[in-house]
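Protein chains: 2
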Amino acid sequence: MLGGMSRSPAVRPPGGPILQDAVTDAIRTAFFEELAEVGYGRLSLEAVARRAGSGKAAIYRRWPSKEAMTIDLITQVSIAATDTPDTGTLRGDVLAFLTAVDAALRHPLVSRILPDLFAAGVHHPNIAASLGDRVGGARREKAVNVLRRAVERGELAPGTDFELGLDLLAGPLYWSTTIRQAPADPARLERLADKVVAALAA
Amino acid sequence: MLGGMSRSPAVRPPGGPILQDAVTDAIRTAFFEELAEVGYGRLSLEAVARRAGSGKAAIYRRWPSKEAMTIDLITQVSIAATDTPDTGTLRGDVLAFLTAVDAALRHPLVSRILPDLFAAGVHHPNIAASLGDRVGGARREKAVNVLRRAVERGELAPGTDFELGLDLLAGPLYWSTTIRQAPADPARLERLADKVVAALAA
DNA sequence: CTAAGACGAGACGCAACCGTTCCGTCTCGG
DNA sequence: CCGAGACGGAACGGTTGCGTCTCGTCTTAG
């Protein structure tokens with residue numbers, strides 16, 4: 001009844017990252033669930049431990065602070081990002097990108113957590129940096145590839161402003177889905193793709 | 001040294017809204033400054049009172065809870081929203097709208113507070129509703145007018161999807177300014193206006 | 001002049017959470 | 001088989017915020 005189930009005292013390299021471990025998994029899951037429920041500002045490590053069915057010490061043994069824990073965990077999770085394939089046309093690529101982003105934003109935990117992380121970034125520069133590098137960076141690279149391929153195909157002018165293009169790719173969907181809380185159906189994504197392509201070409 | 005400076009025991013109609021009052025002003029200012037510093041989740045009425053140089057009772061005499069206070073104050077503030085004039089062309093109207101939104105987002109307090117309020121809306125439906133009705137509603141009406149006028153001029157097709165148009169008007173600028181933390185200069189707003197017009201027309 | 005009432009200040013008891021430190025249990029590597 | 005070490009659980013003292021309440025002060029309406 002007491003004690004854990006799979007304790008491997010030296011599973012991970014000392015000082016190195018924690019990757020696989022039943023306790024760590026439970027803590028990570030509890031962390032994100034708790035984050036979705038109360039937000040970053042009100043997140044307490046006590047509640048995370050309670051939800052994970054662990055002791056607080058198990059958390060402090062892994063991370064020195066709430067902020068470090070947050071940065072580490074969102075980094076781990078956001079590494080997973082599917083690549084957007086080359087569909088042969090700008091519109092196809094745009095639609096694929098929008099569909100992938102939409103799928104990510106549809107995840108109930110993601111849609112609740114993202115606004116909170118952005119807000120936390122305002123008050124905690126390290127979180128903002130981690131979000132920009134890891135989460136944004138991955139998505140950003142896919143989007144840049146979409147634009148770069150279009151330039152190579154001749155669908156976009158060589159001097160195209162990528163930064164502005166990225167805002168047009170990400171902004172409307174994030175706004176409607178997460179801020180306006182209006183999920184986008186496939187038909188809407190199609191129409192949005194049409195309009196984004198027109199904007200990119202302008 | 002003790003006591004207040006302008007106490008009007010019955011300045012306001014009993015049970016009615018509080019509008020003008022030196023103490024109320026100080027509390028409101030302190031509330032937004034505190035909100036910008038620590039975010040909604042960590043906002044404490046104790047800190048607000050401290051910053052306002054008032055007692056906690058002065059706050060509780062006005063609002064029953066933190067949430068009610070937040071809703072009341074953001075409603076008051078967001079009522080102020082400049083109208084976007086009819087410039088005669090869709091592009092002119094779009095640019096005027098984007099410029100107005102950009103000016104609002106440039107305000108140091110607004111840019112720090114908005115992400116937090118959106119995040120708070122995830123966990124507090126009443127705040128989300130208030131944000132949607134009051135803040136969004138005002139801006140939204142201006143934007144709808146821009147699109148409506150364009151349809152009347154014949155610049156946009158009669159069946160234009162206003163909802164999608166609003167996402168294109170608001171999304172990219174909010175994304176770049178508030179999430180990406182990249183302020184937009186006038187030239188960028190011009191180019192964004194070109195692209196938004198192209199998207200709307202598509 | 002007086003009485004009413006809002007004011008700043010701050011103490012109250014209560015609850016939550018912090019980060020640390022024990023405890024006794026359990027599971028491994030050697 | 002035994003020692004090292006992670007585990008859940010619980011308690012620690014300290015801090016912070018809650019919402020209420022009571023002071024003595026100051027202003028204003030009547």
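For the protein sequence lines, the chains are A and B, in the order given.
FYI, UniProt numbering numbers position 100 of the first sequence as 100, with every residue one higher than the one before it.
FYI, UniProt numbering numbers position 151 of the second sequence as 151, with every residue one higher than the one before it.
Note that CB positions come from ideal geometry on N, CA and C, so glycine has one too.
Just so we're clear, the structure is a prediction, and the values are computed from it rather than from any experiment.
C-beta neighbour in chain A for residue i, strict 9 Å
i       : result
I179(B) : yes
K142(B) : no
P51(B)  : Going by the sequence as given, residue 51(B) is Arg instead of Pro. Output row for R51(B): interface = no.
G132(B) : yes
R188(B) : yes
A128(B) : yes
Chain-ordered chain B contacts of residue i [CB-CB under 7 Å]
i       : result
R112(A) : V122
A170(A) : W175
L192(A) : L164
Neighbouring residues, chain A, relative to residue i (Cβ below 9 Å)
i      : result
G39(B) : G39, Y40, G41, A119, A120, V122 and H123
D25(B) : Ordered by position in chain A, no residue passes the 9 Å Cβ test against D25(B), which lies about 25 Å from the chain.
Candidates the options: closest to residue i by CA position
i       : options                               : result
K56(B)  : L169(B), F31(B) and S78(B)            : F31(B)
D86(A)  : L173(A), A143(A) and A170(A)          : A143(A)
L168(A) : L105(A), R51(A) and V94(A)            : V94(A)
A201(A) : A187(A), V151(A), D185(A) and I179(A) : V151(A)
D25(A)  : A47(A), E46(A), G39(A) and I59(A)     : I59(A)
G121(B) : Y40(B), V101(B) and P183(B)           : Y40(B)
R139(A) : L166(A), A129(A), T160(A) and I27(A)  : L166(A)
R51(A)  : A119(A), V23(A), P158(A) and V135(A)  : V23(A)
S44(A)  : D21(A), R61(A) and T70(A)             : T70(A)
V38(A)  : A187(A), V77(A), L114(A) and I127(A)  : L114(A)
S54(B)  : I27(B), E67(B), D72(B) and S111(B)    : I27(B)
N126(B) : A182(B), Q181(B), D72(B) and L164(B)  : D72(B)
Contacts that residue i makes with chain A (C-beta to C-beta distance below 7 Å)
i       : result
S65(B)  : Those do not exist, as S65(B) stays about 15 Å from chain A at its closest Cβ, beyond 7 Å.
V196(B) : A199
D93(B)  : By Cβ distance, chain A contributes nothing, its closest Cβ being about 17 Å from D93(B), past 7 Å.
Cβ of residue i within 9 Å of any chain B Cβ
i       : result
A201(A) : yes
D161(A) : yes
L98(A)  : no
P115(A) : yes
L164(A) : yes
R153(A) : no
A182(A) : yes
G88(A)  : no
D167(A) : yes
G136(A) : yes
CA-to-CA distance, residue j to residue i, given in whole angstroms
i       : j       : result
F162(B) : T177(A) : 16 Å
K195(A) : G132(B) : 25 Å
L147(A) : R153(A) : 10 Å
T84(B)  : H107(A) : 37 Å
R42(A)  : G92(A)  : 42 Å
A36(A)  : D116(B) : 14 Å
P172(A) : N145(B) : 19 Å
T75(A)  : P64(A)  : 16 Å
L105(B) : E33(B)  : 16 Å
T160(A) : A199(B) : 16 Å
G136(A) : T29(A)  : 22 Å
G88(B)  : A193(B) : 15 Å
P158(A) : D102(B) : 28 Å
E141(A) : V48(B)  : 42 Å
E46(A)  : L109(A) : 20 Å
R191(A) : L90(A)  : 14 Å
V197(A) : R62(A)  : 46 Å
S111(B) : L156(A) : 33 Å
S78(B)  : H123(B) : 21 Å
R149(A) : F97(A)  : 13 Å
D185(A) : S130(B) : 26 Å
L189(A) : E67(A)  : 35 Å
A119(B) : A128(B) : 9 Å
R134(A) : T99(A)  : 20 Å
D21(A)  : A170(B) : 43 Å
P183(B) : A187(A) : 32 Å
W175(A) : Q181(B) : 16 Å
L164(A) : L164(B) : 19 Å
Interface residues of chain B facing residue i [CB-CB closer than 9 Å]
i      : result
D72(A) : Within chain B, no residue comes near D72(A); the closest Cβ sits about 21 Å away, beyond 9 Å.
Distance cut-off 8 Å: residue i Cβ against heavy atoms of the ligand NAP
i      : result
L43(A) : Absence of the ligand NAP from the depicted structure is noted, as is the absence of any ligand whatsoever, leaving it without description.
Proximal chain A residues relative to residue i, where beta-carbon distance stays under 8 Å
i       : result
D185(B) : By Cβ distance, chain A contributes nothing, its closest Cβ being about 12 Å from D185(B), past 8 Å.
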